[in-house]
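Heads up, the thing below is written out as structure tokens.
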Amino acid sequence: MLQTPSGGAGSGTAARDSGLMSIGAVLNALRDEFPEVTISKIRFLESEGLIEPQRTPSGYRKFSAGDVERLAHVLRMQRDHYLPLKVIREHLDAMERGEAVQLPVVGRQRTHEDLREPPSAPTVARVGRAELLAAADVEEGELKEWESYGLIAPLADGAYEAEAVTVAALIAELGRFGIEPRHLRVMKAAADREAGLVDQVVAPLKRHRNPQTRALAEARTKELAALTVKLHAALVKTALGVRLP
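In structure tokens:
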């Protein structure tokens, strides 16, 4: 259960409004688990019908504890299961009706049974161009510019991997600090080199005839990817001389 912050202006507002929270207080409550969440993201999810906060007579949003829990659930399903917003909304609505529903399986989600006999070709969650623009809350012109710099690229069929939504949102967020797409090419180049190193390590496992060994290759890839991300973050923090959460 998410906890309402114990101090600050947000908690004071919540106390005066019988437990209702301002959008700023909600942002603070979510950021420990979702450091990339922004106020614009919360507003976008509201516009898509995922949450329905109350409004004061002057138009300010007020969120209940249930709103915050639902919002956190939405963010988890986006982050962990790569589900489209339409699917998430239908899933949550069914839960609220008291129906016994299972989380839909799409894209990168795979069960324990799947790992015993992996598919001949890996599957990934995909989103269309319009869905990418909506989910990341960016404009067509911005996406075209990012594609011109190689920061985001469509797949052969014109769709995008689900992770492109996260990439687009982060590029937009950095842009608010004056960091332009052309400045990010060095990050993309570094990411490609790191991915190449991981792929070099797991390549022998991927080529193995044994299905279990090929399944191990996928698990090893995820493990190495997580380690390289942690190392990259630690190196950046060290270079800047800052301590971050």
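Under our numbering, think of the first position of the sequence shown as 1, with each following residue one higher. Backbone N, C-alpha and C fix where the C-beta goes; we use that ideal spot for every residue, glycine too.
Nonlocal neighbours in the same chain, by C-beta distance under 6 Å from residue i, ignoring five residues either side
{"i": "Phe63", "result": "Met21, Val26 and Pro53"}
{"i": "Arg243", "result": "none"}
{"i": "Glu194", "result": "Thr228"}
Segment limits, alpha helix (DSSP H) that includes residue i
{"i": "Val26", "result": "Ile23 to Leu30"}
{"i": "Pro204", "result": "Arg185 to Lys206"}
{"i": "Leu50", "result": "Run containing Leu50: none; DSSP gives neither H nor E here."}
{"i": "Val165", "result": "Glu163 to Gly175"}
{"i": "Ile88", "result": "Leu85 to Glu96"}
Euclidean distance between Cα positions of residue i and residue j
{"i": "Val186", "j": "Leu151", "result": "10 Å"}
{"i": "Asn210", "j": "Glu46", "result": "47 Å"}
{"i": "Ile171", "j": "Asn28", "result": "22 Å"}
{"i": "Ala226", "j": "Gly59", "result": "42 Å"}
{"i": "Arg110", "j": "Leu75", "result": "Unreliable placement is indicated for Arg110, whose pLDDT of 40 sits below 50; the coordinate value is still reported in the next sentence. Approximately 19 Å between the Cα atoms of the pair."}
{"i": "Gln168", "j": "Val127", "result": "Per the sequence presented here, residue 168 reads as Ala, with Gln not at that position. One C-alpha to the other measures close to 13 Å."}
{"i": "Glu173", "j": "Arg31", "result": "15 Å"}
Assumed close pair residue i, residue j - CB separation to whole angstroms, cut-off 8 Å
{"i": "Ala65", "j": "Gly19", "result": "7 Å"}
{"i": "Ile42", "j": "Leu71", "result": "7 Å"}
{"i": "Glu48", "j": "Leu85", "result": "5 Å"}
Proximity test, Cβ basis, 9 Å: residue i and chain C
{"i": "Glu147", "result": "As a matter of chain content, chain C is missing from the structure shown, which is built from one protein chain."}
Neighbourhood of residue i by C-beta distance below 7 Å, restricted to the same chain and skipping five residues each side
{"i": "Val198", "result": "Thr221, Leu224, Ala225 and Thr228"}
{"i": "Met67", "result": "With the sequence shown as reference, residue 67 is identified as Asp, and Met is not the correct amino acid for it. Only Ile51 and Pro53 meet the Cβ criterion."}
Counting pairs of Cβ atoms below 8 Å between the region 177–191 and the region 199–208, do you hit three or more?
no
Is it the case that the region 177–184 contacts the region 140–156, given that we only count it when at least three CB pairs across the two stretches are under 8 Å?
yes
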